[in-house]
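Notes to accompany the following structure.
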Amino acid sequence: MIVVLKGGPSPEAEVSRKSAAAVVKALKNLGYKVLDLELDENIAKNLLKLQPEKVFIALHGVPGEDGSVQGLLETMGIPYTGCGVESSAVCMDKDATRRILKSHGIPVPAGETYFSPEEVNWIEIPCVVKPARTGSTVGISIVKEEKMLTEAVNLAFKYDRKIVIEEFIEGRELTVPVLNGKALPIVEIIPESGFYDYEAKYKKKTTKYEVPAQLPEKTTERIMKNAEKIYRILECKGAVRIDIRLDEMNVPYVLEVNTIPGMTERSLLPKSAAAAGITFEKLIEEILKG
Ligand SMILES: Nc1ncnc2c1ncn2[C@@H]1O[C@H](COP(=O)(O)OP(=O)(O)O)[C@@H](O)[C@H]1O
Ligand SMILES: [Mg+2]
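See below:
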């Protein structure tokens, strides 16, 4: 039996339950015996009782995307989908991700890490202020005027003890999925507000997508090659999605790696897979087999 793990206390629990519903449906269609399970304080007891062959992790945000649930499953000896403990924890942390990618020659926006508001000595405007370890644009601000910086810093520190301030990359918004080591078609996100936030991601219908993104051939090649390299050096597994800003010179700056991307039919990764001729069911089976 396959257990699809969903929900939990994460601010993204609602999205997770939607992903889980789509995953359960696909696995049933594929002929698997499936059960969906809510992540709560009884999780270990429930897993012991169910004895699944494998857990399909459909959690988004923390806990789940940060390696904690993966650690529990490792301890219990239950196989699971997607990235392992260390890879999940590193990708959850935008500061750690930036440092590793940079050291491997992958372009990331220029930035600094801070551990208290008093430490902040950033001067470049516009900039982006973000908590190191949250998802879904929670606590992130794009600062366009100097006088807004303090407020943005204080907001980010509400969510984490560590924050990152980056130069604002003017340009296009791209995301590229990698499935079991192979890059899938690049998606361009064209939001009406110019800022791809939680509302635009999950609620408003005004965001447009272009798959595959219309880019110069060399840029496409560079992004796909970098994406597969990132997957290798961060030791990812299953399906991940890498967020990118492409500047006016067509330099693809990596913002972050999402280790458990949205898995509803509307989500970006399934859209990209479809453009590569991979049906939703096939995609779910590929992730399951990992
Ligand atoms: N350095 C940056 N330059 C321009 N836009 C940025 C930058 N960092 C983040 N953004 C914008 O904020 C969004 C969310 O940032 P991201 O780092 O992907 O965090 P998350 O998706 O976890 O909230 C991005 O999709 C992008 O639109
Ligand atoms: Mg993102």
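Heads up, the sequence shown is in this note's numbering, so the first residue is 827 and it goes up one at a time. Built from N, CA and C at the ideal position, the CB exists for glycine as well. Model, not experiment: these values are computed from the prediction.
Please report the distance separating the alpha-carbon of Y1079 from that of I1012.
14 Å
Cβ of D1069 within 7 Å of any heavy atom in ligand 2?
yes
Sorry if obvious, but does the Cβ on E938 come closer than 7 Å to a heavy atom of ligand 2?
Result no, Cβ not under 7 Å from ligand 2.
Buried or exposed by the 16-neighbour rule on C-beta atoms within 10 Å, applied to L861
The residue is exposed, with fewer than 16 neighbouring Cβ atoms inside 10 Å.
Would you say V1083 and T923 are within 8 Å of each other, going by their C-beta atoms?
yes
So, for P1038: in the same chain, excluding its five sequence neighbours on each side, which residues have a beta-carbon less than 7 Å away from its beta-carbon?
P1011, I1012 and A1101
Does the Cβ of L1095 lie closer than 7 Å to at least one heavy atom of ligand 2?
No, the Cβ of L1095 stays beyond 7 Å of every heavy atom of ligand 2.
Between which two residues does the alpha helix (DSSP H) harbouring Y1057 extend?
E1043 to I1059
Supposed contact pair V1004 and E1054 - C-beta distance, whole angstroms, cut 8 Å
6 Å
Given P957, which residues of its chain have a CB within under 7 Å of its CB, disregarding the five upstream and five downstream residues?
Excluding residues within five positions, the ones whose Cβ falls inside 7 Å are G965, A982, Y985, D986 and I989.
Within 8 Å, do at least three Cβ pairs link the segment 938–953 to the segment 1095–1111?
Contact fails: fewer than three Cβ-Cβ distances are below 8 Å.
In angstroms with no decimal places, state the Cα-to-Cα distance between K1076 and M1050.
As written in the sequence, residue 1076 is Asn, which differs from the Lys given in the question. Cα to Cα, N1076 sits roughly 14 Å from M1050.
So, helix, strand or coil for V860, using DSSP?
strand
So, at 8 Å on beta carbons, what are the nonlocal neighbours of E912 in its own chain, with the 5 sequence-adjacent residues on each side left out?
G893 and E1061
Among residues of its own chain, excluding the 5 on either side of V888, which ones have a beta-carbon nearer than 8 Å to its beta-carbon?
S836, S894, M918, R959, T960 and G961
Given the structure, does I995 come close to ligand 1, in the sense that its CB is under 7 Å from one of the ligand's heavy atoms?
yes
Is L1081 near ligand 2, judged by its Cβ being under 7 Å from some heavy atom?
yes
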